[in-house]
Amino acid sequence: MRKQIAAANWKMNLTLAEGTALMNEIVSNDITLNDKQAAVFAVPFPYLINNKSITDKAVNFFTAAQNCAAEKAGAYTGEVSMSMLESIGIEYVIIGHSERRDYYAETNKVLAKKVNLALENNLKAIFCCGEPLSIRDAAEQNSYIETQLKESLFHLSETQIKNFIIAYEPIWAIGTGLTASSQQVQDMHAHIRKVVANKYGQAIADSISILYGGSVKAANAAEIFSLPDVDGGLVGGASLVAKEFVAIIKSLKNS
Ligand code: PEP
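According to the numbering used here, the sequence shown is numbered sequentially starting from 996.
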């Protein structure tokens, strides 16, 4: 079985005290995850070390960064490098979230640099792709996603691509309460797997986790995660509520 992952994306929310209370409440539920499952918490940079001290105490729980710089080091005021993340023991990082693409003009080319830096620094990256509504309305989503993958990921070797997790997040479903239908989700996940298979072969495509993101919540997680090509979710709003996110983690496939 591919790794099944429930990834929380707190974005720019919560104080340190609120975040710590949320984590403690989630962890107090004694959720048992096997080695093919993971709960990943992408928290704001200032909380990483504290959060890691909590996730380190729970089996198969991990702390992630929400972003990182596209440069190695140097005069980039305010930026945080991949090597800094590695130096504090962080194992996961989100790359290419649509909010970064939209608000901070992160292009596929910039994201390819981040992808390389994640590899160099031994971080597992959750690489986000997803189309805006105009592209979906024009029925061009398949080629749009294919281009995002080709331009940022497909320069990697077969060995390297195995370190990546892909998150499909239709932009029109993020934070809107709109969820893609099960058919839309499965169709796109199967498409992504096919595109990866065409480039790297079926065995590698079958080993890569593809998460869905876009208004996942306790009430719809089990249905979405049960789809054959869905391997968990990247969750914004609902990850800020302990009861919701606990139920989402518990909805991961377990065999
Ligand atoms: C996200 O931030 O990646 C996301 C999917 O947000 P939400 O779950 O709130 O739609």
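For each residue, glycine too, the CB sits at the ideal point set by N, CA and C. Owing to the predicted nature of the structure, the values given are computational and were not obtained by experimental measurement.
Next on the checklist: Below 8 angstroms on the Cβ atoms is my contact criterion, and I expect L1229 with I1121 to pass it. Report the Cβ-Cβ distance as a whole number of Å.
Outcome noted: Locating residue 1229 in the sequence shown gives position 234, where the first residue counts as 1. Locating residue 1121 in the sequence shown gives position 126, where the first residue counts as 1. That pair is a contact at about 6 angstroms.
Next on the checklist: On the DSSP letters alone, give me the boundaries of the beta strand (DSSP E) that N1004 sits inside.
Outcome noted: For the purposes of this step, residue 1004 is identified with residue 9 of the sequence shown, where counting begins at 1. For N1004, the uninterrupted beta strand (DSSP E) run begins and ends at 999 to 1004, by DSSP.
Next on the checklist: If contacts are defined as beta-carbon pairs under 8 angstroms, then I1000 and G1227 qualify, I think. What distance do you get, rounded to the angstrom?
Outcome noted: In the sequence shown, counting from the first residue as 1, residue 1000 sits at position 5. In the sequence shown, counting from the first residue as 1, residue 1227 sits at position 232. Right, their Cβ atoms sit about 4 angstroms apart.
Checklist entry - Where do the ends of the beta strand (DSSP E) carrying V1110 lie? => result Taking the first residue of the sequence shown as position 1, residue 1110 is located at position 115. Looking at the DSSP string, V1110 is not in any beta strand (DSSP E); the run it does join, the alpha helix (DSSP H), is 1103 to 1115.
Checklist entry - Buried or exposed: M1077, going by 16 or more other Cβ atoms within 10 Å of its Cβ? => result Counted from its first residue, the sequence shown places residue 1077 at position 82. With 16 or more other Cβ atoms within 10 Å, it is buried.
Checklist entry - Under a Cβ-count criterion, where at least 16 other Cβ atoms within 10 Å of its own Cβ denotes burial, should I1070 be classed as buried or exposed? => result As a working mapping, residue 1070 is identified with position 75 in the sequence shown. Correcting the residue identity first, residue 1070 is Ala in this sequence and not Ile. A1070 should be labelled exposed.
Checklist entry - In terms of alpha-carbon separation, which member of L1206, N1019, I1244 lies closest to L1222? => result Locating residue 1222 in the sequence shown gives position 227, counting from the first residue. Among L1206, N1019, I1244, the Cα nearest to that of L1222 belongs to L1206.
Checklist entry - What's the C-alpha gap between Q1181 and D1224? => result Locating residue 1181 in the sequence shown gives position 186, counting from the first residue. Locating residue 1224 in the sequence shown gives position 229, counting from the first residue. If you take the alpha carbons of Q1181 and D1224, they lie about 6 angstroms apart.
Checklist entry - If you compare alpha carbons, which of E1153, A1168, I1160, V1211 is closest to G1196? => result As a position in the sequence shown, residue 1196 is number 201, starting the count at 1. Cα-wise, what sits closest to G1196 is E1153.
Item to check | Per DSSP, cross-strand counterpart(s) of F1149 | outcome: On the sequence shown, position 154 is the one that residue 1149 refers to. Beta-bridge pairing links F1149 to no other residue.
Checklist entry - Any idea if A1198 is buried or exposed, counting beta-carbon neighbours within 10 angstroms, 16 or more meaning buried? => result For the purposes of this step, residue 1198 is identified with residue 203 of the sequence shown, where counting begins at 1. Exposed, since its Cβ has fewer than 16 Cβ neighbours within 10 Å.
Next on the checklist: Beta-carbon within less than 7 angstroms of N1029's beta-carbon, same chain only, minus the 5 sequence neighbours each way: which residues are those?
Outcome noted: Residue mapping note: residue 1029 aligns to position 34 of the sequence shown, counting from 1. Around N1029: N1249.
Item to check | For E1141, the nearest candidate out of Y1099, A1185, S1129 (CA to CA) | outcome: Within the sequence shown, the letter at position 146 stands for residue 1141. If we check each option's Cα against that of E1141, A1185 comes out closest.
Item to check | Exposure label - N1062; buried when at least 16 CB within 10 Å | outcome: By 1-based counting over the sequence shown, the position of residue 1062 is 67. Burial is judged here by how many other beta carbons sit within 10 angstroms of a residue's own beta carbon; N1062 has at least 16 and is buried.
Item to check | Close Cβ partners of Q1155 (< 8 angstroms) along its chain, the five nearest in sequence each way excluded | outcome: The sequence position of residue 1155 within the sequence shown is 160, counting from 1. So the list reads L1114, once near-sequence residues are dropped.
Checklist entry - So, are the CB atoms of Y1087 and A1059 less than 8 angstroms apart? => result Taking the sequence shown and counting its residues from 1, the one referred to as residue 1087 is at position 92. Taking the sequence shown and counting its residues from 1, the one referred to as residue 1059 is at position 64. In contact: Y1087 and A1059 (Cβ atoms closer than 8 angstroms).
Checklist entry - Quick one: Cα of F1149 to Cα of K1194, how far? => result Here the question's residue 1149 lines up with position 154 in the sequence shown. Here the question's residue 1194 lines up with position 199 in the sequence shown. Distance between the alpha carbons of F1149 and K1194: 8 angstroms.
Checklist entry - Is the Cβ-Cβ distance between S1177 and I1244 less than 8 angstroms? => result By one-based count along the sequence shown, residue 1177 stands at place 182. By one-based count along the sequence shown, residue 1244 stands at place 249. Their beta carbons are not under 8 angstroms apart, which means S1177 does not touch I1244 by this criterion.
Next on the checklist: Below 8 angstroms on the Cβ atoms is my contact criterion, and I expect E1164 with S1093 to pass it. Report the Cβ-Cβ distance as a whole number of Å.
Outcome noted: Counting from 1 along the sequence shown, the entry for residue 1164 is found at position 169. Counting from 1 along the sequence shown, the entry for residue 1093 is found at position 98. The pair is a contact, with the Cβ atoms about 6 angstroms apart (cut-off 8 angstroms).
Checklist entry - Are the beta-carbon atoms of A1033 and N1055 separated by less than 8 angstroms? => result Position 38 of the sequence shown, counted from the start, is the residue given in the question as residue 1033. Position 60 of the sequence shown, counted from the start, is the residue given in the question as residue 1055. Yes, Cβ-Cβ distance for A1033 and N1055 is below 8 angstroms.
Item to check | Counted within 10 angstroms of its Cβ, other Cβ atoms place G1209 as buried (16 or more) or exposed | outcome: The sequence position of residue 1209 within the sequence shown is 214, counting from 1. Under this definition G1209 is a buried residue.
Next on the checklist: If I follow the unbroken alpha helix (DSSP H) through L1043, where does it start and stop?
Outcome noted: Against the sequence shown, residue 1043 aligns to sequence position 48. 1043 to 1050 is the span of the alpha helix (DSSP H), which, as asked, contains L1043.
Next on the checklist: On the criterion of 16 or more Cβ atoms from any shown chain inside 10 Å, does M996 qualify as buried, or is it exposed?
Outcome noted: The residue given as residue 996 occupies position 1 in the sequence shown. By the neighbour-count rule (16 or more Cβ atoms within 10 Å), M996 is not buried but exposed.
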